[in-house]
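The structure appears right after this line, and notes come after that.
Residue numbers (the numbering used here): 1071 to 1314.
Put into structure tokens, the structure is as follows:
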């Protein structure tokens, strides 16, 4: 399950022990590499022979630290790896989560084979979710990171745009944006959201029509307020209407 999570949404750095219960760390690194998943790897292990170190670095490890270790040294080595790989581990300017792909350079979003038409605000909101997959994000965190300093802070605007974005995503596949009552929202694959289903019993996810219908309808109910079009700056948040 952990290997699948890394493949679906690669982290900035993977810390691995070689001695793992199912797959050893060397095999995990091999599989990620063979699947084209580019993620920096720091081995942290009691296997301290020269042969083990060579094997770890040869298979794709970026560094190899043996036990017993100093926590300060591990942190310093992790930071050094992140400095070397910052901005380049995935290299194509794209964020990925499940079947969702966001191209930050062209500001295009696809779910599977289907393009998505998002307003500027919806794009920025989805980007924040994709940068923080599986984390529950509070409304205040979303306000700070999506609307930044120029917005006074009415949390209802988060609910409004989360609803707009969720409807567009749900037309093309299973739900990805989940609500944790009284806390916030998270971007999760359906299998990782099972524990949250009981909290969402009162919600009814809309059934989605075929991708062709979504492509033929540039604006549909719930698509967001007029004027907040793709590629244009969002309108002043204080004047945005509530959900359709």
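Beta carbons are placed, not taken as given, at the ideal position from N, Cα and C, and that holds for glycine.
In the structure shown, residue 1080 falls within a coil segment according to DSSP collapsed to helix, strand and coil. Setting aside the 5 residues that flank it on each side, residue 1084 is surrounded in the same chain by 1109, 1111, each with a C-beta closer than 6 Å to its C-beta; the list follows chain order.
In the structure shown, residue 1254 falls within a strand segment according to DSSP collapsed to helix, strand and coil.
In the DSSP assignment, residue 1113 is bridged to 1086, 1134. Excluding residues up to 5 positions away in sequence, nothing lies with its Cβ nearer than 8 Å to the Cβ of residue 1121 in the same chain.
Look at residue 1108 here: in three-state DSSP terms it is coil, with no helix or strand label. The bridge partners DSSP lists for residue 1175 come to none. Shown here for residue 1215: same chain residues with a beta carbon closer than 7 Å to its own, the five before and five after excluded, namely 1198 in chain order.
Within its own chain, the residues whose Cβ lies closer than 8 Å to the Cβ of residue 1151, once the five positions on either side in sequence are excluded, are 1083, 1110, 1112, 1132, 1133, listed in chain order. For residue 1168, the CB contacts under 6 Å within the same chain, skipping 5 residues up- and downstream, are 1078, 1259 in chain order.
In this structure, DSSP gives residue 1165 an extended state, which the three-state scheme calls strand. It is roughly 20 Å from the alpha-carbon of residue 1189 to the alpha-carbon of residue 1163. Taken through DSSP and simplified to helix, strand or coil, residue 1184 comes out as strand.
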